[in-house]
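Notes follow once the structure below has been shown.
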């Protein structure tokens, strides 16, 4: 992978770690970091050696959203075509996260606000520290809650009524409440080692199968039950031809743990 300029990237075995690293400002996003995140997640489709991705923040916070001075201020002076170019670009970050084949795990400390909450929402799973506070605070700056897919994705995660409350009020969702609502998969301290443990576990699993699970979880939002069942039948038939499926069978017969290779 090309070394990014606007966030940190490192690998631990088959796990890639994205770290938002402007801790003095609680890791806000800029025009450049939005675009680089979009391009980086798109490029992960061509990186089979990376099997799971963890996204986190530096300095005890996850992400404070769009930088007030570097994004919000300039937006107030843009024309409609320029604004639409920006909002489509931010939405493309979420699309890229959902379409990359690797499961994405958000490890969330402290502030997780605005676009930061969207990055967490767009991840496949979310681990939080006890200090984590997620806030979809668009209404507080005079904007609608329908930002970067929030009105379609958040209700599917926590339910329509709960999502409506967060998107209308912009209030913070504390860690334990977020866990009870299903926004967080786990609350743990420290959060990053726990997220890395999950990531390493997934990375040692059947990579092609995980990628197919992610694809079906995303695509089946738009179809009926009968169509979904047919899609899953075709998906499983494809994976039954994979070597990992045979490896699992042979390991079971030999009473051993399967060693998946991702093919």
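Residue numbers (this note's numbering): 342 to 604. Even for Gly, the Cβ is constructed at its ideal location relative to N, Cα and C. The model shown is predicted, which means the values in this text are computed figures rather than measured ones.
Residue i, enclosing alpha helix (DSSP H) - first and last residue
i, result
"residue 509", "501 to 510"
"residue 542", "532 to 544"
"residue 558", "548 to 560"
"residue 566", "566 to 580"
"residue 594", "584 to 594"
"residue 383", "372 to 384"
Short Cβ contact (7 Å threshold) for residue i with residue j
i, j, result
"residue 401", "residue 457", "no"
"residue 425", "residue 454", "no"
"residue 601", "residue 547", "yes"
"residue 371", "residue 423", "no"
"residue 444", "residue 543", "yes"
"residue 468", "residue 527", "yes"
"residue 494", "residue 466", "no"
"residue 599", "residue 530", "no"
"residue 514", "residue 475", "yes"
"residue 407", "residue 413", "yes"
"residue 473", "residue 511", "no"
"residue 540", "residue 356", "yes"
"residue 375", "residue 431", "yes"
"residue 483", "residue 499", "no"
"residue 379", "residue 437", "yes"
"residue 439", "residue 551", "no"
"residue 584", "residue 567", "no"
Reduced DSSP secondary structure (H/G/I, E/B, other) of residue i
i, result
"residue 441", "coil"
"residue 484", "coil"
"residue 391", "coil"
"residue 414", "helix"
"residue 432", "helix"
"residue 493", "helix"
"residue 344", "coil"
"residue 421", "helix"
"residue 602", "coil"
"residue 363", "coil"
"residue 287", "Lying outside 342 to 604, the shown extent of the chain, residue 287 is not represented and no answer is given."
First through last residue of the beta strand (DSSP E) which encompasses residue i
i, result
"residue 466", "466 to 469"
Identity of the residues DSSP links to residue i by a beta bridge
i, result
"residue 522", "BP columns for residue 522 are empty, so no partner."
"residue 351", "358"
"residue 528", "469"
"residue 514", "475"
"residue 453", "404 and 475"
"residue 446", "395 and 466"
CB-CB length for residue i against residue j, believed under 8 Å
i, j, result
"residue 459", "residue 488", "7 Å"
"residue 446", "residue 360", "The Cβ separation is near 13 Å, so there is no contact."
"residue 348", "residue 362", "6 Å"
"residue 490", "residue 509", "So it is not a contact: roughly 17 Å between Cβ atoms."
"residue 395", "residue 435", "Actually they are not in contact, since the Cβ atoms of residue 395 and residue 435 sit about 17 Å apart, beyond 8 Å."
"residue 537", "residue 557", "Rounded, the Cβ-Cβ distance is 26 Å, inconsistent with contact."
"residue 578", "residue 553", "Actually they are not in contact, since the Cβ atoms of residue 578 and residue 553 sit about 11 Å apart, beyond 8 Å."
"residue 369", "residue 404", "7 Å"
"residue 549", "residue 561", "Actually they are not in contact, since the Cβ atoms of residue 549 and residue 561 sit about 18 Å apart, beyond 8 Å."
"residue 419", "residue 388", "That belief does not hold up - the Cβ atoms of residue 419 and residue 388 are roughly 34 Å apart, past 8 Å."
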